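In the numbering used here, the protein residues as written are 14 to 495. Step one of this worksheet: look at the structure below.
Okay, structure coming up:
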């Protein structure tokens, strides 16, 4: 909320309410913009209060509201027209409106309160995504003032109808061979499970990961708005043709912990939040600093990240799907039939020790991606080289069963829901218990195996109990000696 008061005293403008540098500088932008719009800037003591006073304010989005508050206090525009409206926009010195970040979450909040919002025309495409919001767009301060004084109505943003074609995304048909990895990719998409791909260089790990968004179910409108709201807060430009597409984030292995999870003196969302409802791909996983990887452990479990600072605390959503890729050793060829690896056992052990056990325990699917023989690469397309559209149909059907049963993907169901939906027979329970003891898997791994087995049953179209075949395949899909 912006409050403005004019009082006697030497002419000056004061902005209070914990303004950051960009907000403090608004007094000069607003003064020149008002003068260049043919209005009179009051020669009085002007106090601008940004409420609530205890929260820091940053950015240029307060410019338009401050300018209109000053003009209303000076009786140059009617005050009553301001009562049920909110104004967002940065002012140029000429009085033109420039786009600002964070428009989408502001519109979502204003829509719940049934308030009208005026935004710069450059933010119109983003504003049109919120169907139930009362939004008007303007080009300049003069245009807004004319509307407030009873002039020509402001225009409304035009809703974007063009959707990006799905065939523009990487297709799974380009992948040759790698049957187990393709199966793991399908299971990951159907159940929302995290996936680790281990193999030598050039075997298609990155190629497989890039094709996961193409077989995931489409985003619902609320999910898409959540994703776009995070991107809007981060200052990213939202393409109206791509706003329903699941995000795919692939940060470089030199990324810091703050870049990955978010933070800073003024907390901003990181890569895991920008991948909300989408895929976070970490290539060359052991090359990331260990402390950077360890910060992933909590959001992998909770689906959110809490950034705490001395003055404030921010919670960002982080319901992402992790796909990671790594080589089996420093040179990348450990276990390759060609015998190209020259790494010592100690070097291999140190390389794999860069990944902690608790982090690996949270990754449901861990599969090998071996080298593909040359004759498979040059062979014609076969029946098992399915395209993304075919696999996506099975994924959507399996995901639909999970949503009808628990209201969420299998990877996110609670332990209580797991006991209800994955009840095992006596023989299956005894077999699984003995197998887990031999493999020395943790209690968390036990629950994750059950969740994967439930997804395998859904892909098979089985709404009943999980059988031993599902359990055996679930175990096979996480048996990697890392």
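Note that beta-carbon positions come from the ideal geometry of N, C-alpha and C, so glycine has one too. As the structure is a computational prediction, the values presented were derived from the model and not from experiment.
Output the boundary residues of the beta strand (DSSP E) element that contains residue 17. Along the chain shown, read from residue 1 onward, the residue named residue 17 stands at position 4. Note, residue 17: beta strand (DSSP E), 15-20.
Below 8 angstroms, how does it come out for the segment 367-382 and the segment 194-210: are there three or more Cβ pairs, yes or no? Judged by Cβ distances under 8 angstroms, the segment 367-382 makes contact with the segment 194-210, as three or more pairs qualify.
Sequence-distant residues of the same chain with beta carbon closer than 6 angstroms to residue 103, five excluded per side: As a first step, residue 103 must be located in the chain shown, where it is residue number 90. Short of 6 angstroms from the beta carbon of residue 103, and not among the five residues preceding or following it, lie these beta carbons of its own chain, in chain order: 73, 76, 111 and 113.
Compute the beta-carbon to beta-carbon distance between residue 169 and residue 148, rounded to the nearest angstrom, for a pair I have assumed lies under 8 angstroms. Stepping through the chain shown from its first residue, residue 169 is reached at position 156. Stepping through the chain shown from its first residue, residue 148 is reached at position 135. Contact between residue 169 and residue 148 holds, since their C-beta atoms are separated by about 6 angstroms, short of 8 angstroms.
Are residue 368 and residue 293 close, meaning C-beta to C-beta below 8 angstroms? The residue given as residue 368 occupies position 355 in the chain shown. The residue given as residue 293 occupies position 280 in the chain shown. Not in contact: residue 368 and residue 293 (Cβ atoms no closer than 8 angstroms).
What separation, rounded to the nearest whole angstrom, lies between the Cα atoms of residue 486 and residue 408? The residue you call residue 486 lines up with position 473 of the chain shown. The residue you call residue 408 lines up with position 395 of the chain shown. Distance between residue 486 and residue 408, taken at the CA atoms: about 17 angstroms.
Can the beta-carbon of residue 469 be found less than 8 angstroms from the beta-carbon of residue 188? Against the chain shown, residue 469 aligns to sequence position 456. Against the chain shown, residue 188 aligns to sequence position 175. No, Cβ-Cβ distance for residue 469 and residue 188 is not below 8 angstroms.
In the DSSP assignment, the beta strand (DSSP E) including residue 358 goes from what residue to what residue? Within the chain shown, the letter at position 345 stands for residue 358. Secondary structure note for residue 358: it is in no beta strand (DSSP E), and the uninterrupted alpha helix (DSSP H) holding it is 358-365.
Enumerate in chain order the residues of its own chain whose CB-to-CB distance from residue 458 is below 8 angstroms, with the five nearest sequence positions on each side excluded. What you label residue 458 is simply residue 445 of the chain shown in a count that begins at 1. Excluding sequence neighbours, residue 458 sits near 374, 449 and 491.
For residue 164, count neighbouring Cβ atoms within 10 angstroms of its own Cβ and tell me buried if that reaches 16, exposed if not. Working through the chain shown from its first residue, we reach residue 164 at position 151. Exposed.
When 358, 385 and 331 are compared against residue 350, the one with the closest alpha-carbon: Counted from its first residue, the chain shown places residue 350 at position 337. Per the Cα distances, 385.
Could you say if the segment 226-242 and the segment 437-449 meet the contact criterion of at least three C-beta pairs nearer than 8 angstroms? With fewer than three CB-CB distances shorter than 8 angstroms, the segment 226-242 does not count as touching the segment 437-449.
Work out the CA separation of residue 152 and residue 135 for me, nearest whole Å. For the purposes of this step, residue 135 is taken as the residue at position 122 of the chain shown. For the purposes of this step, residue 152 is taken as the residue at position 139 of the chain shown. Cα to Cα, residue 135 sits roughly 8 angstroms from residue 152.
Through-space distance from residue 51 to residue 90, alpha-carbon basis: Within the chain shown, residue 90 is the residue found at index 77, counting from 1. Within the chain shown, residue 51 is the residue found at index 38, counting from 1. Rounded to the nearest angstrom, the two C-alpha atoms are 13 angstroms apart.
Measure the Cβ-Cβ separation of residue 307 and residue 225 and say whether it is below 8 angstroms. In the chain shown, counting from the first residue as 1, residue 307 sits at position 294. In the chain shown, counting from the first residue as 1, residue 225 sits at position 212. Using a Cβ distance threshold of 8 angstroms, residue 307 and residue 225 do not count as a contacting pair.
Cβ pair residue 291, residue 329 closer than 8 angstroms: Within the chain shown, numbered from 1, the residue matching residue 291 stands at position 278. Within the chain shown, numbered from 1, the residue matching residue 329 stands at position 316. In this structure, residue 329 does not lie closer than 8 angstroms to residue 291 by Cβ.
Please classify residue 468: does DSSP put it in a helix, a strand, or coil? As a position in the chain shown, residue 468 is number 455, starting the count at 1. Residue state, collapsed to three classes: helix.
Taking 8 angstroms as the CB-CB cut-off, is residue 350 touching chain C? The chain labelled as chain C is not found in the depicted structure, where only one protein chain is given.
Determine the closest residue to residue 412 out of 404, 402, 423 and 403, with distance taken between C-alpha atoms. For this step, residue 412 is matched to residue 399 along the chain shown. Closest option to residue 412, Cα to Cα, is 423.
Beta-carbon proximity list for residue 40, same chain, < 7 angstroms, skipping 5 on both sides: Indexing the chain shown from 1 puts residue 40 at position 27. Cβ neighbours of residue 40 beyond the five flanking positions: 26 and 28.
With DSSP collapsed to three states, give me the class of residue 156. Position 143 of the chain shown holds residue 156. Three-state DSSP puts residue 156 in a helix.
Let me know the alpha helix (DSSP H) ranges lying completely inside the segment 217-281, each 4 residues or longer, listed in chain order. For the segment 217-281, whole alpha helix (DSSP H) runs of length 4 or above, ordered along the chain, are 218-223, 234-246 and 270-274.
Taking the DSSP output, what are the residues bridged to residue 60? As a first step, residue 60 must be located in the chain shown, where it is residue number 47. Bridge partners of residue 60: 18 and 27.
Would you mind stating whether residue 228 and residue 270 have Cβ atoms separated by less than 8 angstroms? Here residue 228 corresponds to residue number 215 of the chain shown, with the count starting at 1. Here residue 270 corresponds to residue number 257 of the chain shown, with the count starting at 1. Residue 270 is positioned such that its CB atom lies no closer than 8 angstroms to that of residue 228.
Could you check where the alpha helix (DSSP H) with residue 120 kicks off and where it finishes? Counting from one through the chain shown, the residue named residue 120 turns up at place 107. Annotation: the continuous alpha helix (DSSP H) that includes residue 120 extends over 116-125.
Kindly indicate which three-state DSSP category residue 48 falls into: helix, strand or coil? Your numbering for residue 48 matches position 35 in the chain shown. The three-state reading of DSSP puts residue 48 in helix, counting H, G and I together.
With a cut-off of 8 angstroms on the beta carbons, I'd call residue 222 and residue 146 a contact; round off their distance for me. Residue numbering aside, residue 222 sits at position 209 when the chain shown is read from its first letter. Residue numbering aside, residue 146 sits at position 133 when the chain shown is read from its first letter. In fact, because the Cβ distance is near 36 angstroms, the residues do not count as touching under 8 angstroms.
Pick from 340, 171, 353 and 383: whose alpha carbon is nearest that of residue 362? Stepping through the chain shown from its first residue, residue 362 is reached at position 349. Residue 362 has its Cα closest to that of 340, out of 340, 171, 353 and 383.
For residue 435 and residue 472, which I take to be in contact (beta-carbon distance under 8 angstroms), what is that distance rounded to the nearest angstrom? Position 422 of the chain shown, counted from the start, is the residue given in the question as residue 435. Position 459 of the chain shown, counted from the start, is the residue given in the question as residue 472. Between residue 435 and residue 472 the beta-carbon gap is near 14 angstroms, outside 8 angstroms, which marks them as no contact.
Considering only the beta carbon of each residue, do residue 61 and residue 15 sit closer than 8 angstroms? Reading the chain shown from its first residue, position 48 is the one you call residue 61. Reading the chain shown from its first residue, position 2 is the one you call residue 15. In this structure, residue 15 lies closer than 8 angstroms to residue 61 by Cβ.
Contained alpha helix (DSSP H) runs [length at least 4] in the segment 390-471, N- to C-terminal order: For the segment 390-471, whole alpha helix (DSSP H) runs of length 4 or above, ordered along the chain, are 401-419, 428-434 and 439-452.
How many Å lie between residue 258 and residue 237 at the Cα? Numbered from 1 along the chain shown, position 245 holds the residue referred to as residue 258. Numbered from 1 along the chain shown, position 224 holds the residue referred to as residue 237. Roughly 8 angstroms between the two C-alpha positions.
Minimum C-alpha distance to residue 99 - residue among 247, 394, 451 and 161: For the purposes of this step, residue 99 is taken as the residue at position 86 of the chain shown. Looking from the CA of residue 99, the closest CA among 247, 394, 451 and 161 belongs to 161.
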